[in-house]
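Counting with mature numbering (1 follows the signal peptide of the UniProt record, and there is no 0), you get residues -18 to -1, 1 to 306 for the letters of the sequence shown. Reading through the structure tokens given below for one structure.
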Amino acid sequence: MFLIIILMFLLSNTVTYANENTDDPYTKRMELYKKVETLYQIPWYYIAAVDQYERNIRISRKDIPKAKGWTGIYFTKEKWAGIINPNSEDTNPLTIPLFGGLGADGDGDGKADRFNDEDILIAFSNYISQYGIDEENFKIGLWNYYKRDKTVSIIMGKAAIYKNFGRLNLDAHAFPLPLRSNHSYRSTWGDARGWGGKRIHEGTDIFADYGVPVKATSYGIVEMKGWNNYGGWRIGIRDINNNYHYFAHLSGFSKEIKAGMIVEPGMIIGGVGSSGYGPPGTSGKFPPHLHYGIYKDNGYTEWSFDPYAHLRLWEKQEQIKAKK
């Protein structure tokens, strides 16, 4: 009863519905995350990372519905009510736990509604808090919930990004090369490639002079930095939208860049080069250019998609900004 009173006090003024409109969803989400943090002592950026991860996979998959409320976390009927519950639509917060369900009443209205934002966040927090709220135990809780190492890694990366910047609105982008550089590119995604076996080109080649600075295109975390026989010196950056930005054939890296580092749009990460197509140090087998690719993770697998339209948009946005 005491817990219900606390929940009603903290969350009673934040009941939201799918048909509500707002010009600033980030503010509303942050309010929810902060209130959950107050109740469970789970850092807001952990909850925000989980919420954003699930929002992203719901956009990229067809087997689960798109998010309609403020939150992105999705519970199936079975997970919410309990797989052995004879009533898969059970909303009674007292009977749901009897069948192993995770559903909870987060706003104190007496119902455990799996489409109610407060109920969803409280249900997930109830589950995750069983393992602990420190980083290591939170990761254990995530693994037991998702049963996928990569998902845990992506969520913890998002949490680090949110913690670093202290806000949710991190959707800005930058064109990967300076506008003043003499560069050219076209859509080359899907073209045939022969070196190393038959394969397709999973990106766009941006040709420029050797050593031209290469910039991070998004807010993100450096997941990978090193050598690959195909891509040469390369960097992989994961953004908050489950996109993996891949920069290859670099001439080298910026001194401060390292795996696990948080970056923002426009930060210099390396230079245009012609490395790759051989063992470490191989270079000069093709004209200098940046290979830029984007990969999407949907919770099951990861695939590449054509970045050309995004590059054109980001370049245009920077041109407009420069004129202003």
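Just so you know, even glycine gets a beta-carbon here, dropped at the ideal spot from N, CA and C.
| Asked | Found |
| --- | --- |
| Under the three-state DSSP convention, the category T133 falls into | helix |
| Under 8 angstroms between C-beta atoms of G218 and E205 | yes |
| Sequence-distant residues of the same chain with beta carbon closer than 8 angstroms to G260, five excluded per side | N211 and K267 |
| Exposure label - W62; buried when at least 16 CB within 10 Å | buried |
| Extent of the continuous alpha helix (DSSP H) to which A304 belongs | Y290 to K305 |
| Residues that K197 bridges to, as DSSP identifies them | I250 |
| Exposure label - K48; buried when at least 16 CB within 10 Å | exposed |
| Cβ pair count under 8 angstroms reaching 3, the stretch 193 to 209 against the stretch 92 to 110 | no |
| Buried versus exposed, by CB contacts within 10 Å (16 or more), K303 | exposed |
| Residue-chain proximity (H231, chain B), Cβ-Cβ < 8 angstroms | The question asks about chain B, but that chain is absent: this structure has only one protein chain. |
| Supposed contact pair G83 and N67 - C-beta distance, whole angstroms, cut 8 angstroms | 6 angstroms |
| Contact check, F189 vs H271, beta carbons under 8 angstroms | yes |
| Residues that DSSP places opposite L152 in a beta bridge | Its beta-bridge partners do not exist; DSSP assigns none. |
| The ligand FAD heavy atom lying under 7 angstroms from the CB of P195 | With respect to the ligand FAD, the structure offers nothing, as it holds no ligand at all. |
| 8 angstroms Cβ cutoff met for P195 and I250 | yes |
| Nearest-angstrom Cβ-Cβ length linking Y35 and K121, presumed shorter than 8 angstroms | Actually they are not in contact, since the Cβ atoms of Y35 and K121 sit about 13 angstroms apart, beyond 8 angstroms. |
| Rounded C-alpha distance that separates V245 from I222 | 12 angstroms |
| Between the CA atoms of K59 and L152 - distance to the nearest angstrom | 32 angstroms |
| Within the stretch 45 to 124, ranges of the alpha helix (DSSP H) (whole runs, at least 4 residues) | 59 to 63 and 99 to 111 |
| Bridge-paired residues (DSSP) for R220 | I203 and Y226 |
| Close Cβ partners of R96 (< 7 angstroms) along its chain, the five nearest in sequence each way excluded | F57, W62, G85 and I102 |
| L161 (DSSP reduced to helix, strand or coil) | coil |
| Test item: CB-CB of W26 and K16 under 8 angstroms | yes |
| Counted within 10 angstroms of its Cβ, other Cβ atoms place K197 as buried (16 or more) or exposed | buried |
| Cutoff 7 angstroms; reference T186; Cβ partners in own chain excluding five residues on either side | Y167, S169, T170, W171, Y274, P289, Y290 and L293 |
| Rounded straight-line distance, which links the Cα of G123 to that of residue 336 | A question about residue 336 goes unanswered here, because the residues of the chain that appear run from -18 up to 306. |
| Proximity of L161 and E300 at Cβ, strictly below 8 angstroms | yes |
| T20 vs D33 beta-carbon contact at 8 angstroms | no |
| 7 angstroms CB neighbourhood of K305 in its chain, flanking five on each side removed | none |
| Pair within 8 angstroms by beta-carbon distance, H155 and T199 | yes |
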